[in-house]
Amino acid sequence: MTLRLYNTLARSKQDFSPRDEGKVSMYVCGPTVYNHIHIGNARTFLSFDLIRRYLEHRGYDVRFVQNITDVDDKIIRAANDAGVPAAEIAATYSAAFLKAMSDLGVEPPSAQPRATETIPEMIGMVETLIERGFAYAVDGDVYFSVRSFPGYGKLSGRDIDDLESGARVEVDERKHDPLDFALWKSAKPGEPHWPSPWGEGRPGWHLECSVMSEMELGVPFDIHGGGSDLVFPHHENELAQSEAATGRPFASYWLHGGMLNINAEKMSKSLGNFTLLKDVLEAYPAPVLRLLMLQTHYRSPLDFSTERLEEASTAYERFANLVRTIRWHRARPAAGAGAPEGERAALELAVTDARTRFEADMEDDFNSAGALGGLFELARSANGFLSANDAALAPDDLAIIADVETTVVDLLGVLGVTLPADESVPELPEGVVSLSRDVAGYEGTDRDEAADAILAARATARAEKDWARADAIRDGLTALGVRIEDTAAGARVTVSES
RNA sequence: GGCGACGUCGCCAAGUGGCAAGGCAGAGGCCUGCAAAGCCUCCAUCCCCGGUUCGAAUCCGGGCGUCGCCUCCA
Numbered sequence: 089m090t091l092r093l094y095n096t097l098a099r100s101k102q103d104f105s106p107r108d109e110g111k112v113s114m115y116v117c118g119p120t121v122y123n124h125i126h127i128g129n130a131r132t133f134l135s136f137d138l139i140r141r142y143l144e145h146r147g148y149d150v151r152f153v154q155n156i157t158d159v160d161d162k163i164i165r166a167a168n169d170a171g172v173p174a175a176e177i178a179a180t181y182s183a184a185f186l187k188a189m190s191d192l193g194v195e196p197p198s199a200q201p202r203a204t205e206t207i208p209e210m211i212g213m214v215e216t217l218i219e220r221g222f223a224y225a226v227d228g229d230v231y232f233s234v235r236s237f238p239g240y241g242k243l244s245g246r247d248i249d250d251l252e253s254g255a256r257v258e259v260d261e262r263k264h265d266p267l268d269f270a271l272w273k274s275a276k277p278g279e280p281h282w283p284s285p286w287g288e289g290r291p292g293w294h295l296e297c298s299v300m301s302e303m304e305l306g307v308p309f310d311i312h313g314g315g316s317d318l319v320f321p322h323h324e325n326e327l328a329q330s331e332a333a334t335g336r337p338f339a340s341y342w343l344h345g346g347m348l349n350i351n352a353e354k355m356s357k358s359l360g361n362f363t364l365l366k367d368v369l370e371a372y373p374a375p376v377l378r379l380l381m382l383q384t385h386y387r388s389p390l391d392f393s394t395e396r397l398e399e400a401s402t403a404y405e406r407f408a409n410l411v412r413t414i415r416w417h418r419a420r421p422a423a424g425a426g427a428p429e430g431e432r433a434a435l436e437l438a439v440t441d442a443r444t445r446f447e448a449d450m451e452d453d454f455n456s457a458g459a460l461g462g463l464f465e466l467a468r469s470a471n472g473f474l475s476a477n478d479a480a481l482a483p484d485d486l487a488i489i490a491d492v493e494t495t496v497v498d499l500l501g502v503l504g505v506t507l508p509a510d511e512s513v514p515e516l517p518e519g520v521v522s523l524s525r526d527v528a529g530y531e532g533t534d535r536d537e538a539a540d541a542i543l544a545a546r547a548t549a550r551a552e553k554d555w556a557r558a559d560a561i562r563d564g565l566t567a568l569g570v571r572i573e574d575t576a577a578g579a580r581v582t583v584s585e586s
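Each residue of the first sequence is one higher than the last, beginning at 89 in this note's numbering.
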């Protein structure tokens with residue numbers, strides 16, 4: 089199959105063909121660390137984690153680079169507000185960012201360079217741009233001359249003249265053109281600064297991505313990613329700088345993730361309508377948030393709400409319950425007569441279909457929503473098979489449901505959606521021993537034996553239609569965090585995670 | 001004002017020329033002593049108007065609406 093992806097530069101889907109056979113080089117713009125990231129930021133990082141994971145699943149050796157912007161106007165402002173050094177703000181929120189990514193289950197980048205560790209290289213690129221006539225220095229600042237680069241506007245589909253007539257560009261008499269942007273900024277008192285040929289100063293924002301991506305990946309590299317709000321001016325400027333400096337194409341495929349909205353409006357720190365990722369993760373497991381995000385295509389806008397988190401939780405339970413049920417059956421002897429041959433064959437086909445559809449959807453610009461749809465269909469097929477045959481399973485049947493389990497776990501894993509660990513043999517809480525003594529007269533200390541005695545006692549009560557006693561036993565277990573479910577093949581015990 | 005995207009069931013959302021996936025919610029039924037989990041059935045002709053085509057949610061034109069970018073922003 090051919091992987092097709094939407095390239096902003098081409099404004100269409102294209103077949104993917106990496107620079108080096110079997111290898112993919114990708115760069116994704118990271119955060120500016122002046123605050124905790126919000127879930128809009130998280131969505132973009134999750135989208136590119138999905139892309140990275142799928143490329144790896146597909147067999148590519150992926151080199152994934154993401155920067156951390158640790159010197160910037162916003163950091164300086166946050167530092168001034170808090171009365172602490174800018175470096176302290178950057179250090180605090182860099183650490184918070186790394187933890188948030190880890191909590192989200194995002195795979196760590198192959199390299200994660202920081203702006204403050206790349207100053208000499210950035211100065212080098214500015215010098216090259218001046219030498220080549222694409223940039224000019226004025227009073228300790230250095231600007232990139234957009235008119236000097238013929239391709240300016242090709243990524244965002246803009247025309248320099250149209251942009252200027254838009255008239256929202258700040259006027260600065262020292263610039264040759266209002267759209268010229270800073271490569272190097274002279275330092276004001278109290279700001280972080282580094283020595284340079286133009287005096288003490290700091291790099292402009294766009295510069296670091298150009299320098300780091302080339303350092304880590306070489307040019308042209310394969311995939312450049314970021315949120316769609318970065319297309320202009322950030323990525324347009326990056327592209328212009330890099331191609332002007334190297335004389336070569338910069339990146340082959342530009343991928344942009346859709347915005348996360350709240351009440352149909354973009355979530356952003358400036359609008360103040362943001363929810364921090366860390367706060368969401370305190371209330372909901374990471375896989376639930378990820379499932380919510382992946383049910384929408386990565387390029388589409390996504391409306392976020394607590395209600396949707398609740399819905400995603402329910403949907404997630406479908407998968408969790410399925411693998412729990414399968415594991416429970418697999419942990420028991422399969423001495424039944426077996427499911428009808430036709431049903432077994434149908435389930436086998438459902439597994440194949442789910443795998444085929446997963447690949448086909450993901451090959452088409454990473455359509456995770458479609459891919460998930462296929463997995464839900466497989467879940468229904470498997471549940472149907474089990475509910476029809478759960479008391480009659482034979483070894484052949486176990487083999488097929490095991491296949492369902494690995495398919496679901498593996499493919500959700502490609503999407504980064506993890507399922508609860510195998511608890512087919514749950515670790516029971518200590519309280520079962522004393523409960524067992526109370527309700528079943530158990531006198532030992534083994535938890536599993538105690539639980540068996542409890543279940544036997546409840547089974548007897550149920551056989552005698554002593555519902556009050558049976559329910560009392562169940563309530564006793566519930567109080568210990570042990571859930572009991574009656575199935576045709578016997579009572580099933582699960583232990584809640586918390 | 002310029003550039004761009006989108007408008008599919010109550011909500012969310014796939015599908016980009018051949019009789020409209022999936023999730024959540026809802027109705028009815030099955031299983032169960034009850035419960036939990038689950039299964040079955042039901043629930044849309046795709047914003048509006050034209051056009052192209054044997055055939056369009058899918059292509060073209062127009063309209064209406066929403067959103068994004070044009071300034072820092074994932």
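Ideal placement from N, C-alpha and C gives every residue a C-beta, glycine not left out.
Everything numeric in this text was worked out from a predicted model, so none of it was measured.
Thinking C-alpha only, which one of MET89, LEU91, ARG99 is nearest HIS344? ARG99
If you compare alpha carbons, which of HIS281, LEU474, ARG107 is closest to ALA45? This structure cannot settle anything about residue 45, because the visible part of the chain is limited to 89 through 586.
State yes or no: is the C-beta of LEU271 within less than 8 Å of the C-beta of LEU503? no
Thinking C-alpha only, which one of GLY360, ILE211, GLY578, LEU305 is nearest HIS281? ILE211
From the DSSP output, in three-state form, read off ILE350 for me. strand
If you drop the 5 nearest sequence neighbours on each side, which residues of the same chain put their C-beta closer than 8 Å to that of ASP478? HIS417, THR575, ALA576, ALA577
Using three-state DSSP, classify ALA577 as helix, strand or coil. coil
Leaving out five residues on either side along the sequence, give the residues of the same chain with a beta carbon under 8 Å from the beta carbon of LEU507. PRO375, PHE407, ALA408, VAL411, VAL496, VAL497, LEU500
Would you tell me roughly how many angstroms separate the C-alpha atoms of SER244 and PHE320, rounded to the nearest one? 6 Å
Among residues of its own chain, excluding the 5 on either side of VAL583, which ones have a beta-carbon nearer than 8 Å to its beta-carbon? GLU511, PRO514, GLU515, LEU516, PRO517, GLY569, VAL570, ARG571
Rounded to whole angstroms, how far is the Cβ of ILE177 from the Cβ of ALA184, which I believe are closer than 8 Å? At roughly 11 Å, the Cβ-Cβ gap does not stay under 8 Å, so ILE177 and ALA184 are not in contact.
For the candidate residues ALA549, ASN95, MET189, ARG140, whose alpha-carbon lies nearest to that of LEU364? MET189
6 Å Cβ shell around ALA539 - same chain, five flanking residues per side excluded: LEU516, VAL520
Please go through the same chain and pick out, in chain order, the residues whose beta-carbon is closer than 8 Å to the beta-carbon of GLN200, but skip the five residues on each side of it. GLY118, VAL153, GLN154, ASN155, ILE156
Can you give the beta carbon distance from THR120 to ASP149, rounded, assuming they're within the 8 Å contact cut? Contact doesn't hold; Cβ gap of about 30 Å is too wide.
In terms of DSSP beta bridges, what is TYR341 paired with? ILE311
Using only the alpha-carbon positions, how far apart do THR263 and TYR142 sit? As written in the sequence, residue 263 is Lys, which differs from the Thr given in the question. Approximately 45 Å, taken between the alpha carbons.
What is the DSSP secondary structure of HIS294, counted as helix, strand or coil? helix
Residue ranges of each alpha helix (DSSP H) run of no fewer than 4 residues wholly in the segment 126-180, ordered along the chain? 127-145, 161-170
Going straight from the alpha carbon of GLY109 to that of LEU382, what length do you get? Inspection of the sequence shows that residue 109 is occupied by Glu rather than by Gly. Spanning the two alpha carbons is a distance of roughly 29 Å.
Supposed contact pair TYR181 and ASN123 - C-beta distance, whole angstroms, cut 8 Å: 6 Å
Grab the span of the beta strand (DSSP E) containing ASP526 for me, first residue to last. That residue, ASP526, is in no beta strand (DSSP E); its alpha helix (DSSP H) goes 519-528.
THR494 - DSSP class collapsed to helix/strand/coil: helix
Whole angstroms are fine: how far does the CA of ILE164 sit from the CA of ALA223? 26 Å
So, helix, strand or coil for VAL234, using DSSP? helix
Please classify TYR122: does DSSP put it in a helix, a strand, or coil? coil
Skipping 5 residues on each side, what residues in its chain have a beta carbon closer than 7 Å to that of THR413? LEU474
My understanding is that PHE237 touches ALA328, with C-beta atoms under 8 Å, so please give their C-beta distance in whole angstroms. 5 Å
Go through its chain and collect everything with a Cβ distance to LYS357's Cβ below 8 Å, but skip five positions before and after it. ASN123, HIS126
DSSP-derived helix/strand/coil call for GLN383: coil
When the distance is taken between beta carbons, is LEU390 closer than 8 Å to ARG131? yes
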